[in-house]
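Following: one structure in structure tokens, then a few remarks.
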Amino acid sequence: MAAKDQLGRYGEQLAADFLVARGMSVLARNWRCPEGEIDIVARDGNAMVVVEVKTRSSRRHGTAFEAVTHDKLMRLRSLARLWLATQAERFDTVRVDVIALERFAGDFSLRHERGVI
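Read in order, the letters of the sequence shown are residues 37 to 153 in our numbering.
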């Protein structure tokens, strides 16, 4: 596995642990369909939360948060509808969050932005 892929998987694990520590339930990880992938699907009370996780080891190409484009966020909203169509469970609301992780000197900083769209 490439170092970039390992970093991404580790970042997704840190993000999932972060969400659980804040009382959310992780319902799915790396859910895929022909239209794309959702990194994490979580429950926050009565809300379904689609979480995009971006992990960076430097800011050479901008911050991890900046790497999540508007087009990506719109695609995540569409993917949320597709995921919901496969589930019997219903939610009052659907939210898209971003968790941006950046590694500096071996430590990670984490930024969680709720309801980015």
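From the three backbone atoms N, C-alpha and C, an ideal C-beta is built for every residue, glycine too. This one's a predicted model, so the numbers in the text were calculated from it and none came from an experiment.
| Asked | Found |
| --- | --- |
| Tell me whether Val132 is buried or exposed, calling it buried when 16 or more other Cβ atoms sit within 10 Å of its Cβ. | buried |
| So, at 7 Å on beta carbons, what are the nonlocal neighbours of Leu118 in its own chain, with the 5 sequence-adjacent residues on each side left out? | Cys69 and Glu71 |
| With distance defined between alpha-carbon atoms, name the residue in Ala121, Glu73 and Phe101 nearest to His148. | Phe101 |
| Where do the N-terminal and C-terminal ends of the alpha helix (DSSP H) with Ser114 fall, by residue? | His106 to Ala121 |
| I'd like the span of the alpha helix (DSSP H) that includes Glu48, first residue to last. | Ala39 to Ala57 |
| List the endpoints of the continuous beta strand (DSSP E) containing Gly72. | Gly72 to Asp80 |
| What did DSSP end up calling Glu88 once you bin it into helix, strand or coil? | strand |
| Should Lys90 be labelled buried (16 or more other beta-carbon atoms within 10 Å of its own) or exposed? | buried |
| How many angstroms separate the CA atom of Ala121 from the CA atom of Val77? | 14 Å |
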